Amino acid sequence: MIDFHAHLDLYSDPASVIREVDRLGMYVLSITTTPSAWPRTSVIGKTGRRVRTALGLHPQLAHLRFSELPLFDQLFSEAEYIGEIGLDGAPDFKPHWERQLHVFDHVLARCAAAGGRVMSIHSRRAASAVLKRLAAHQGAGTPILHWFSGTRSELGKAIDQGCWFSVGPAMLAGQKGRELAGAMPRNRVLTETDGPFAQIDGRAAMPWDAHLAAQGLAELWSLSIEETNAQLHANLKTLALGVRMKPDP
Ligand code: MN
Numbered sequence: 018m019i020d021f022h023a024h025l026d027l028y029s030d031p032a033s034v035i036r037e038v039d040r041l042g043m044y045v046l047s048i049t050t051t052p053s054a055w056p057r058t059s060v061i062g063k064t065g066r067r068v069r070t071a072l073g074l075h076p077q078l079a080h081l082r083f084s085e086l087p088l089f090d091q092l093f094s095e096a097e098y099i100g101e102i103g104l105d106g107a108p109d110f111k112p113h114w115e116r117q118l119h120v121f122d123h124v125l126a127r128c129a130a131a132g133g134r135v136m137s138i139h140s141r142r143a144a145s146a147v148l149k150r151l152a153a154h155q156g157a158g159t160p161i162l163h164w165f166s167g168t169r170s171e172l173g174k175a176i177d178q179g180c181w182f183s184v185g186p187a188m189l190a191g192q193k194g195r196e197l198a199g200a201m202p203r204n205r206v207l208t209e210t211d212g213p214f215a216q217i218d219g220r221a222a223m224p225w226d227a228h229l230a231a232q233g234l235a236e237l238w239s240l241s242i243e244e245t246n247a248q249l250h251a252n253l254k255t256l257a258l259g260v261r262m263k264p265d266p
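Numbering of the sequence shown is given in my numbering, commencing with residue 18 and proceeding in unit increments.
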């Protein structure tokens with residue numbers, strides 16, 4: 018079972034969440050939203066067998082944590098994975114659009130200079146702009162659009178640009194999310210939860226709720242849950258091989 022976008026540091030007791038993740042043999046990408054969260058979160062992550070930590074600066078925090086960009090650069094060489102980064106075009110965050118663009122461009126340029134990284138990317142109401150920035154930074158690595166909510170045409174462009182996708186139970190709960198997920202190439206999809214931000218039946222999602230996403234994908238793909246999990250694990254393996262094969266100059 019795979020949760021490729023979880024905020025482990027935001028649970029009240031991350032250590033107990035990691036113990037359960039380990040007991041289940043899960044793979045988790047532990048996402049940070051600010052560079053200053055990296056030291057603590059990466060230490061927590063190292064206690065998990067298959068937990069990896071991603072260095073990020075969330076677009077919704079870009080205007081507040083802009084001053085942490087130098088810290089981002091300082092920590093960059095320690096981070097195999099990058100996220101959460103991206104753009105958010107919703108009304109609350111659109112006023113800070115220039116700051117968001119500056120941060121996103123900075124991070125993409127840094128990733129490209131290092132030979133590429135796997136990146137977990139937020140694109141709410143900003144899918145076209147995210148794709149445009151990715152196209153401008155060829156070689157930034159493998160973009161994984163998390164909880165993609167753009168249009169079908171934007172999805173088509175994202176697929177053409179080589180994007181991957183992580184899909185969670187909240188996304189698959191709605192008809193639009195299911196249609197988008199069903200149109201994604203099966204060999205570029207991973208499961209996620211976005212817990213504890215994302216909710217399931219009024220409670221915070223836990224990493225092991227990723228099994229609900231796998232069940233949803235099994236229905237969309239008309240596969241058994243075993244076949245679906247085999248596909249998802251093959252995808253993760255492809256991605257992880259790509260990470261190791263990319264040299265850091
Ligand atoms: Mn998130």
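Quick reminder that beta carbons are idealized off the backbone N, C-alpha and C, glycines included. Because the structure is a prediction, the values reported are computed rather than measured.
Any non-hydrogen atom of the ligand MN closer than 7 Å to residue i Cβ
i	result
HIS24	yes
ASP30	no
ILE48	yes
ASP211	yes
GLU101	yes
PHE121	no
PHE214	yes
Under 8 Å between C-beta atoms of residue i and residue j
i	j	result
MET43	ARG82	no
THR51	THR70	no
TRP55	LEU25	no
GLU101	GLY73	yes
SER94	HIS22	no
ARG215	GLY191	The residue asked about is misnamed: residue 215 is Ala in this sequence, not Arg. No; because the gap between Cβ atoms is not below 8 Å, this pair is not in contact.
PRO202	ILE176	yes
THR245	ALA227	no
GLY8	ARG134	What the structure shows of the chain is the stretch from 18 to 266, and residue 8 is not part of that stretch, so it cannot be assessed.
PRO213	VAL38	no
PHE295	ARG142	Residue 295 lies beyond the stretch modelled for the chain, which goes from 18 to 266, so this question has no answer here.
ALA79	ARG116	yes
ALA198	LEU237	yes
SER47	GLU85	no
Contacts around residue i, its chain only, beta-carbon distance under 7 Å, and the 5 residues preceding and following it disregarded
i	result
GLN77	ASP105, PHE110
ALA126	HIS154
LEU253	ILE19, TYR44, LEU207
Any non-hydrogen atom of the ligand ATP within 7 Å of residue i CB
i	result
PHE110	This structure lacks the ligand ATP; the ligands present are the ligand MN.
Own chain partners of residue i with C-beta closer than 6 Å, once the 5 adjacent residues on each side are dropped
i	result
ALA144	GLY167, GLU171
SER140	GLY103, VAL147, LEU162
VAL124	ILE102
PRO160	MET136, ILE138, LEU151, CYS180
HIS75	THR50, GLU101
GLY194	MET188
Own chain, CB closer than 8 Å to residue i, minus 5 neighbours either side, in chain order
i	result
LEU249	ILE19, VAL206, LEU207, THR208, ALA231, LEU234
PRO264	For PRO264, the predicted model reports a pLDDT of 48, less than 50, meaning its position is unreliable; a value from the coordinates is still stated below. Once the five neighbours on either side are set aside, the close Cβ partners of PRO264 are GLY132.
VAL34	LEU25, TYR28, MET223, PRO224
Contact with chain B by residue i, beta-carbon distance below 8 Å
i	result
ALA79	No chain B appears in the structure shown, which is made up of a single protein chain.
Are the segment 172–184 and the segment 215–225 in contact at 8 Å, needing three or more beta carbon pairs?
-> no
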